[in-house]
Amino acid sequence: MSNFHQSTRSIHGSSLKDQHGAPHLPTYNTTTFTFESTDSLLEVIDGKKPGALYTRYGMNPTIYSLEEIMAAIEGAEACLGFCSGIAAEVAVFTQYGRDGAVCLGDVYGGTLELLTDQLPLLGIETSFLLGTELEKLEGLLQKGAKLVFFETPTNPALEIFDIRAISNLAHKYGALVVIDNTFASPVNQRPLEFGADLVVYSATKYLGGHSDITAGFVLGSSDLITPINGWRKSLGSVVAPETAALLARSLRTLTIRVRAQSESAQVIAEALEADQRVRRVLYPGLKSFPDHALAARQMSGFGGVLTIEVDGDAKTTADVADRLELFGLAPSLGGTESLATQPVTTTHHDLSAEERERRSITDSMIRLSIGLENPEDLVADLTQALDAVEQ
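Offset between the sequence shown (1-based) and the working numbering: plus 100.
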């Protein structure tokens, strides 16, 4: 399928052909599969022949067909589907972070909790560097860290990291580079093409796209993916067949959805940048954005998320968010409906005030996930909310 465009691969990426001619991936919501003979059973168990066996192992036609589609979209050799994005990260860090990991920049609050609270209990230690501290990365690699993890764009400030430069440095010391590509999606950015080793996703966001499923992915070479599969199997964190079928449905419209959301986000970012009541607009597509040139080099679109800083304190910012009518107040992103959230109240609420200040996550930030509504209507909604608070 590599000779076809991404939007075509998202529809025709599975080799599974339903015997009844169903154009959509069927749901095999069964826990186990029977065999005609012991020999045929052993062929599948021993890996001599592909086949369905047991759903917790991921050996279910709905699950491995979904993984085949996602690998085709990403341009990856192999893919594993998980019950959530954080489950995917747990498996990756458990397999490859045992010699020490480095986390660059801002990441999802749940990821920070995993790296700071849970994984150290298993002896997996992570060093944290801000985007302004990249000069320290080589020293940590020299000391033996074998995994470098980051988001790009980051949550919530949309900071951009140079995937190729970081990958080249990490590989010099035998370390793997793992990128959470959730914000960009494979439509706007393909980290493996820039030297990253593994890509993880919260499929709950753009890949699912309808705010109705929770799932995750890890993609990369077969050599790197195979050991992770053992952790997925033992932790019981495989994606459910019913969820996999819904996700395969959503992937069919991924390209058109993300492109439309990215175009709308650009319109809204430009409109808000011109509003004096907005102190700052953080969006990679703006020429005023600090990392715009880098984003333009490694992204084919700038995404559907932007973050604004209201010219006011935490209460004023909350009042603006509360007065939005088309934007739902919720801590997620990537759906067809637009959402707004204050990072200090949701995604980064559990960080101390000092740590938020160190990471420049301010009380006046509102992160906006742009859906598929008309962008003019969304601008009007944001304008009326700012108007109401100003009065």
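We put the beta carbon where it would ideally sit given N, CA and C, even for glycine.
Query: Presumed contact (8 angstroms Cβ cut-off) between Ser-302 and Ala-191, rounded CB distance; Result: Not really, about 14 angstroms apart at Cβ, beyond 8 angstroms.
Query: Sub-8 angstroms separation of Tyr-164 and Pro-341 beta-carbons; Result: no
Query: Inter-stretch contact at 8 angstroms, needing at least 3 Cβ pairs: the segment 467-476 / the segment 355-367; Result: yes
Query: In DSSP terms, what Ser-227 is bridged to; Result: Val-202
Query: Supposed close pair Leu-386, Ile-408 - CB separation, criterion 8 angstroms; Result: Rounded, the Cβ-Cβ distance is 11 angstroms, inconsistent with contact.
Query: Secondary structure of Ala-111, DSSP reduced to three states; Result: It should be noted that the sequence gives Ile, not Ala, for residue 111. Three-state result, Ile-111: helix.
Query: contact_flag[the segment 347-366, the segment 400-419] where n(CB pairs < 8 angstroms) is 3 or more; Result: yes
Query: Rounded C-alpha distance that separates Ile-263 from Thr-252; Result: 8 angstroms
Query: As assigned by DSSP and simplified to three states, the class of Asp-422; Result: helix
Query: DSSP state of Asp-411 mapped onto helix, strand, coil; Result: coil
Query: Spatial distance of Thr-314 from Cys-183 (CA atoms); Result: 6 angstroms
Query: Boundaries (first-last residue) of the alpha helix (DSSP H) holding Glu-189; Result: 185-196
Query: Span separating the alpha-carbon of Ile-398 from that of Asp-323; Result: A quick correction: the sequence has Gln, not Ile, at residue 398. Taking the straight line from one Cα to the other gives about 26 angstroms.
Query: Pairwise C-alpha distance: Val-489 and Gly-345; Result: Here the sequence assigns Ala to residue 345, which means Gly is not the residue at that position. Roughly 44 angstroms separates the two Cα atoms.
Query: Distance between Gly-295 and Gly-274 (C-alpha atoms, nearest Å); Result: 13 angstroms
Query: CB contact flag (Leu-219, Thr-226, <8 angstroms); Result: yes
Query: Residue from Gly-434, Leu-298, Phe-283 with nearest C-alpha to Gly-308; Result: Gly-434
Query: Cut-off 7 angstroms between Cβ atoms - residues of its own chain near Glu-167, not counting five sequence neighbours on either side; Result: Cys-179, Leu-180, Gly-181
Query: Through-space distance from Asn-281 to Gln-289, alpha-carbon basis; Result: 8 angstroms
Query: Unbroken alpha helix (DSSP H) run spanning Glu-143, endpoints; Result: 138-145
Query: Ala-258 versus Leu-237: straight-line alpha-carbon distance, rounded; Result: Per the sequence shown, residue 258 should be read as Leu rather than Ala. Their Cα atoms are separated by approximately 20 angstroms.
Query: Within 8 angstroms, strictly: CB atoms of Tyr-383 and Leu-351; Result: no
Query: Reduced DSSP category for Thr-353 - H, G, I as helix; E, B as strand; rest coil; Result: coil
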